[in-house]
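S.K.: Numbering-wise, the working numbering comes out as the position in the sequence shown, counting from 1, plus 21.
The C-beta atom is built at its ideal place from N, Cα and C for all residues, glycine as well.
Have a look at the structure that comes next, please.
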Amino acid sequence: MRWTQTFIPTLKETPADAEILSHKLLLRAGLVRKLTGGLYTFLPLGLRALRKIENIVREEMDRAGAIEVAMPCLQPPDIWQQSGRYTTAAEVLYHVLDRAKKEWVLGPTHEEVITQLAAFEINSYRQLPKNFYQIGVKFRDEIRPRFGLMRAKEFIMKDAYSFDVSDEAAMVSYRKMYDAYTRIFARCGLRALAVEADTGVIGGNYSHEFMIPAETGENEVVYTESGSYAANVEKATSRGPLTPTPTTDTGAAPEKFPTPGVVTIEALTAPPFNVAAHQQIKTLVYLADAKPILILLRGDDQLNEAKLIARIGAAQARPATADEVFAALGAHPGSLGAVAATLRSPGLPVFADLALQGAAGMTTGANEDGFHLRHVNIARDIAVTQWADFRTVQPGERDVASGQPLKSRRAIEVGHVFKLGTKYSEKMNALFLDESGRQHPCVMGCYGIGVTRTLQAVIEQCNDKDGIVWPLPVAPFSVCITPLNVAPDAPAMKLAEELYHHLTREGVEVLLDDRDERPGVKFKDADLIGIPLRVGIGEKSLAKGEVELKPRGGSLLPVKTEESAAQVLAWLRTESARFQIPA
Ligand code: ATP
Ligand code: MG
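Okay, structure coming up:
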């Protein structure tokens with residue numbers, strides 16, 4: 022491809038509204054342009070890199086035995102009603118009206134469509150296992166689209182769905198996808214980390230997210246240095262807080278004392294009260310599927326909402342507003358407490374975190390503005406409906422299995438593998454007959470890769486001060502030939518053309534920078550767009566019978582003119598070998 026015949030609008034200035042480095046580079050290198058927040062047009066370079074990633078994904082899916090299909094984005098709402106997600110996934114669903122005012126939805130994911138297909142097409146164990154995948158557009162009504170392609174309203178996902186006869190068989194399908202994902206991200210030049218992920222109400226240990234460590238990531242990953250444990254913070258567990266919970270009971274009954282104006286855990290730690298945070302019980306009020314519930318945590322702990330939803334089996338849960346709290350408990354946030362609240366409203370469910378088990382001599386709100394209670398013994402004074410792990414793990418705590426200290430870092434979620442079980446197959450009648458003619462729901466798994474997000478994650482991980490440093494397998498072009506004089510009869514241009522044709526014939530993807538620009542501009546642009554190998558052809562080195570190979574991020578390598586094509590091919594072979602993974 023000749024630079025002048027394609028469209029690579031590089032920018033010198035950093036666009037003001039791009040927040041993170043990879044977003045800036047996407048725009049500066051002319052890969053994409055914004056239509057409006059969360060919607061982007063792919064320009065030629067961006068599209069080429071995207072196709073590279075898609076092809077790697079496709080090769081690995083095919084190799085793992087998955088079958089490619091293409092499903093409609095426009096979907097009838099009734100399948101969403103059937104699965105129950107018309108309400109539970111309401112916040113991401115886009116709705117469309119046709120001319121008859123009939124409603125349609127735009128697919129944020131395709132479990133409903135594929136399960137309906139399976140319901141019609143699969144009826145015998147002989148047809149199983151099956152794993153269907155597609156690479157296509159998804160629509161999600163994200164409240165805060167941001168960071169360019171990272172969180173968009175319309176994006177490209179690879180989604181796969183497996184159907185099996187049993188749990189064990191489903192685990193085999195799951196493992197195949199897990200392994201395929203490991204290969205995909207490595208082939209894209211990414212260092213990805215598979216972490217245990219929240220499974221929501223489905224439960225079980227069969228969900229992993231593939232994470233790219235990055236300061237700008239929206240996820241937090243908790244891990245041990247040895248790599249023995251890694252989990253999304255939404256799911257992570259530990260041996261508990263480092264400071265033990267007080268458990269000594271003096272025998273004293275709960276005693277109300279005045280705390281005028283004290284509405285935070287922090288304020289109660291200060292004189293004259295001096296109650297350390299871990300000696301306090303924090304009381305939160307949530308609406309779980311619209312019903313008020315109390316959640317008790319140690320004062321120095323934070324609620325983990327993903328754990329809450331998973332453990333109590335609610336479809337949705339959100340903090341109650343101050344008015345809702347007052348309506349349910351008769352006190353305001355800051356003075357709440359379960360001892361008095363449950364006396365006042367006996368039916369109120371109380372969920373307590375395991376770190377509070379056996380706690381005594383604790384202080385909590387008196388459920389009356391301006392008062393707290395001390396000498397609270399949780400076993401004696403509070404009727405707990407359910408004990409569970411509701412807290413957010415903190416760095417420094419010990420790993421449950423190994424006792425190693427836990428660390429935490431930010432990361433970008435690029436992929437997700439999930440064992441679904443029979444949640445969708447039961448609701449949507451995806452049933453099969455076993456050998457003895459008995460009917461069962463198919464055991465399903467679903468597996469997603471954010472293809473456009475992966476593209477940006479590569480840029481976030483692979484860059485330097487001059488621009489993008491594409492790993493060869495996903496680079497829009499492998500080689501950029503940069504003649505410094507582009508007059509048609511100039512020796513530099515003639516050699517450039519020759520090399521261009523030679524390499525192209527060999528199947529190499531070459532960009533020929535035939536722009537009549539200063540060398541500085543051309544070199545800067547080649548660095549910015551990150552092509553792995555640049556071949557500089559200037560009159561000075563030509564006079565010595567040489568051209569200059571410059572790997573992106575490496576140093577200049579003068580080679581003899583007549584050897585240039587062979588040297589380029591040799592370099593590409595060595596470089597691509599770095600990303601090959603044995604079968
Ligand atoms: P997130 O937690 O980031 O919102 P998710 O868990 O809802 O993502 P999944 O339903 O698991 O996402 O989708 C599979 C993959 O699709 C994700 O791992 C991610 O890479 C990608 N993805 C999800 N939402 C978006 C989005 N709004 N823009 C771009 N990619 C996305
Ligand atoms: Mg996910």
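Verify the contact flag: THR473, CB atom, against every heavy atom of the ligand ATP, threshold strictly below 7 Å.
M.R.: Counting from one through the sequence shown, the residue named residue 473 turns up at place 452. Within the cutoff, so yes.
S.K.: Under DSSP, the beta strand (DSSP E) around ALA432 begins and ends at which residues?
M.R.: As a working note, residue 432 is residue 411 in the sequence shown. Its beta strand (DSSP E) spans residues 427–442.
S.K.: Taking ARG419 as the reference, which of GLY320, ALA251, ALA201 has the closest Cα?
M.R.: Working through the sequence shown from its first residue, we reach residue 419 at position 398. Among GLY320, ALA251, ALA201, the Cα nearest to that of ARG419 belongs to ALA251.
S.K.: Mind checking whether VAL284 and THR384 have CB atoms under 8 Å apart?
M.R.: Sequence index remark: in the sequence shown, residue 284 carries index 263 (1-based). Sequence index remark: in the sequence shown, residue 384 carries index 363 (1-based). Result no, Cβ atoms of VAL284 and THR384 do not sit closer than 8 Å.
S.K.: Tell whether a beta-carbon distance below 8 Å holds between ILE233 and GLN482.
M.R.: The residue given as residue 233 occupies position 212 in the sequence shown. The residue given as residue 482 occupies position 461 in the sequence shown. In this structure, GLN482 lies closer than 8 Å to ILE233 by Cβ.
S.K.: My output table needs one value for GLU17: the three-state DSSP class, helix, strand or coil.
M.R.: Lying before the first or after the last residue shown, residue 17 is absent from the chain, which here runs from 22 to 604.
S.K.: Mind checking whether the beta-carbon of LEU32 lies closer than 7 Å to any heavy atom of the ligand ATP?
M.R.: Locating residue 32 in the sequence shown gives position 11, counting from the first residue. No; taking the cut-off as 7 Å, the Cβ of LEU32 has no heavy atom of the ligand ATP nearer than that.
S.K.: Here's the rule: buried if 16 or more other CB atoms are within 10 angstroms of the residue's CB, otherwise exposed. What is PRO279?
M.R.: The count along the sequence shown starts at 1 and reaches residue 279 at position 258. With fewer than 16 other Cβ atoms within 10 Å, it is exposed.
S.K.: Return the first residue and the last residue of the alpha helix (DSSP H) that ASN76 is part of.
M.R.: Working through the sequence shown from its first residue, we reach residue 76 at position 55. Its alpha helix (DSSP H) spans residues 65–84.
S.K.: Measure the beta-carbon distance from TYR445 to MET198 and round it to whole angstroms, keeping in mind my assumption that it falls under 8 Å.
M.R.: Within the sequence shown, residue 445 is the residue found at index 424, counting from 1. Within the sequence shown, residue 198 is the residue found at index 177, counting from 1. That pair is no contact at about 17 Å.
S.K.: Should VAL78 be counted as a contact of the ligand ATP given a C-beta to heavy atom distance under 7 Å?
M.R.: Here residue 78 refers to the residue found at position 57 when the sequence shown is read from its first residue. For the ligand ATP, not one heavy atom lies less than 7 Å from the Cβ of VAL78.
S.K.: So, is GLN460 buried or exposed, given that buried needs 16 or more other C-beta atoms within 10 angstroms?
M.R.: For this step, residue 460 is matched to residue 439 along the sequence shown. Burial call: exposed.
S.K.: How is the alpha helix (DSSP H) around HIS523 delimited, first residue to last?
M.R.: As a position in the sequence shown, residue 523 is number 502, starting the count at 1. Here the alpha helix (DSSP H) through HIS523 covers 512–526.
S.K.: So, helix, strand or coil for SER247, using DSSP?
M.R.: If you number the sequence shown from 1, residue 247 lands on position 226. Three-state DSSP puts SER247 in coil, outside helix and strand.
S.K.: Run the CB neighbour count on PRO313, radius 10 Å, all protein chains shown included, and call it buried at 16 or more, exposed below.
M.R.: Within the sequence shown, numbered from 1, the residue matching residue 313 stands at position 292. Buried: at least 16 other Cβ atoms inside 10 Å.
S.K.: Is it the case that the Cβ atoms of LEU308 and ARG339 are separated by a distance below 8 Å?
M.R.: Here residue 308 refers to the residue found at position 287 of the sequence shown. Here residue 339 refers to the residue found at position 318 of the sequence shown. Taking 8 Å as the Cβ cut-off, LEU308 and ARG339 qualify as a contacting pair.
S.K.: Provide the residue span of the alpha helix (DSSP H) that contains GLU481, from first to last.
M.R.: Locating residue 481 in the sequence shown gives position 460, where the first residue counts as 1. 472–482 is the span of the alpha helix (DSSP H), which, as asked, contains GLU481.
S.K.: Bridge partners for ASN253 per DSSP, in chain order?
M.R.: On the sequence shown, position 232 is the one that residue 253 refers to. Partner(s): VAL242.
S.K.: With the cut-off set at 8 Å, would you say THR245 and SER423 are in Cβ contact?
M.R.: As a first step, residue 245 is located in the sequence shown; it is residue number 224 there, counting from the start. As a first step, residue 423 is located in the sequence shown; it is residue number 402 there, counting from the start. Against a cut-off of 8 Å, the Cβ pair of SER423 and THR245 comes out as a contact.
S.K.: Going by DSSP, which residues form a beta bridge with HIS116?
M.R.: Stepping through the sequence shown from its first residue, residue 116 is reached at position 95. For HIS116, which the question treats as bridged, DSSP gives the partners VAL126.
S.K.: Sort out for me which residues DSSP pairs GLY408 with in a bridge.
M.R.: Here residue 408 refers to the residue found at position 387 of the sequence shown. Note that residue 408 is Trp in the sequence shown here, rather than Gly. The partner list for TRP408 (beta bridge, DSSP) reads ALA373.
S.K.: Once you ignore the five residues that flank GLU255 on each side, which residues in its own chain have a CB closer than 6 Å to its CB?
M.R.: Counted from its first residue, the sequence shown places residue 255 at position 234. Closer than 6 Å at the Cβ level, and outside the excluded window around GLU255, lie ASP219, ALA327.
S.K.: Just to confirm before moving on: does the CB-CB distance between ALA348 and ASN388 stay below 8 Å?
M.R.: The count along the sequence shown starts at 1 and reaches residue 348 at position 327. The count along the sequence shown starts at 1 and reaches residue 388 at position 367. Contact: no.
S.K.: Going by beta-carbon coordinates alone, are ASP485 and GLY574 separated by less than 8 Å?
M.R.: For this step, residue 485 is matched to residue 464 along the sequence shown. For this step, residue 574 is matched to residue 553 along the sequence shown. The answer is yes: Cβ separation under 8 Å.
S.K.: With DSSP as the reference, label SER228 as helix, strand or coil.
M.R.: Locating residue 228 in the sequence shown gives position 207, counting from the first residue. Correct three-state label for SER228: strand.
S.K.: Would the beta-carbon of GLU112 be found less than 7 Å away from any heavy atom of the ligand MG?
M.R.: By one-based count along the sequence shown, residue 112 stands at place 91. Proximity of the beta carbon of GLU112 to the ligand MG is not indicated: no heavy atom of the ligand is located closer than 7 Å.
S.K.: So, helix, strand or coil for ASP546, using DSSP?
M.R.: Residue 546 sits at position 525 when you count from the first residue of the sequence shown. Looking at ASP546 - three-state DSSP - the assignment turns out to be helix.
S.K.: Nearest to GLU583 by alpha carbon, out of SER562, SER597, ALA598, LEU593?
M.R.: For the purposes of this step, residue 583 is taken as the residue at position 562 of the sequence shown. Restricting attention to SER562, SER597, ALA598, LEU593, the CA atom closest to the CA of GLU583 is found in SER562.
S.K.: Shortest alpha-carbon distance to PHE184 belongs to which of SER194, GLU175, ALA517?
M.R.: Here residue 184 refers to the residue found at position 163 when the sequence shown is read from its first residue. Of the candidates SER194, GLU175, ALA517, the one whose C-alpha sits nearest the C-alpha of PHE184 is SER194.
S.K.: Mapping DSSP to helix, strand and coil, what is GLY559?
M.R.: To locate residue 559, count along the sequence shown from 1; it is residue 538. Coil, per DSSP.
S.K.: Which same chain residues end up closer than 8 Å to TYR521 when comparing Cβ atoms and leaving out the 5 residues on each side of it in sequence?
M.R.: Taking the first residue of the sequence shown as position 1, residue 521 is located at position 500. Excluding sequence neighbours, TYR521 sits near ILE502, VAL531, LEU533.
S.K.: Between which two residues does the alpha helix (DSSP H) carrying ASP188 extend?
M.R.: One-based indexing of the sequence shown puts residue 188 at position 167. First-last of the alpha helix (DSSP H) with ASP188: 188–208.
S.K.: Going by C-alpha to C-alpha distance, which of PRO579, PRO267, ILE552, ARG555 sits closest to LYS565?
M.R.: On the sequence shown, residue 565 is found 544 positions in, with the first residue counted as 1. Answer by Cα proximity: PRO579.
S.K.: According to DSSP, is LYS448 helix, strand or coil?
M.R.: The residue you call residue 448 lines up with position 427 of the sequence shown. In the three-state reduction of the DSSP assignment, LYS448 falls in the helix class, which pools H, G and I.
S.K.: So, helix, strand or coil for LEU454, using DSSP?
M.R.: Taking the first residue of the sequence shown as 1, we reach residue 454 at position 433. Looking at LEU454 - three-state DSSP - the assignment turns out to be strand.
S.K.: Could you check if HIS437 belongs to the surroundings of the ligand MG, using beta carbon to heavy atom distance under 7 Å?
M.R.: Here residue 437 corresponds to residue number 416 of the sequence shown, with the count starting at 1. Indeed, a heavy atom of the ligand MG lies less than 7 Å from the Cβ.
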